[in-house]
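Heads up: the sequence shown begins at 118 in the working numbering, then just goes up one per residue.
Glycine included, each C-beta is placed from N, C-alpha and C at the ideal position.
Input: a single structure, listed below in structure tokens.
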Amino acid sequence: MAEKEEVASFHFPDLEALKKGSEIKVLNATLKRAIAQGNLEHQKARIYFADDQEDKYVETAIWGLTDYEIVLKKNVVVPIHRIVKLEI
């Protein structure tokens, strides 16, 4: 498990972590639910992602969502294209 403060120092490649369109659609729907729960109830999500070294995960609330990134506390961002799985 990575600490959310460490995520800012990770390097994320440009390649898509998920290959199937159906997986990407499920991820996008889950992201929308996670942002609502993070903002309304401060509920944490487990975010699995891949940087340039290995697969990692972090447990934290998702505070914001752009077209390309999720925003965690203290404006730490994770590119959506590098997220492998999201559990809320």
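Determine, using beta carbons only, whether Leu144 and Leu203 come nearer to each other than 8 angstroms.
For Leu144 and Leu203, yes; Cβs fall inside 8 angstroms.
Taking the beta carbon of Ala237 as the centre, do at least 16 other beta carbons fall within 10 Å, making it buried, or is it exposed?
There is no way to answer for residue 237, as the model of the chain reaches only from 118 to 205.
Determine the contact status of Ala162 and Ala178, defining contact as a CB-CB distance below 8 angstroms.
yes
Since I believe Val193 is in contact with Met118 (beta carbons under 8 angstroms), could you give me their beta-carbon distance rounded to a whole number of angstroms?
At roughly 15 angstroms, the Cβ-Cβ gap does not stay under 8 angstroms, so Met118 and Val193 are not in contact.
CB-CB length for Asp169 against His128, believed under 8 angstroms
Sure, about 5 angstroms apart at Cβ, within 8 angstroms.
DSSP-derived helix/strand/coil call for Ile115:
No statement about residue 115 is possible, as the shown extent of the chain runs from 118 to 205 and does not include it.
Using a Cβ-Cβ cut-off of 6 angstroms (strictly less than) and excluding sequence neighbours within five positions of Gln160, which residues of its own chain qualify?
Gln154
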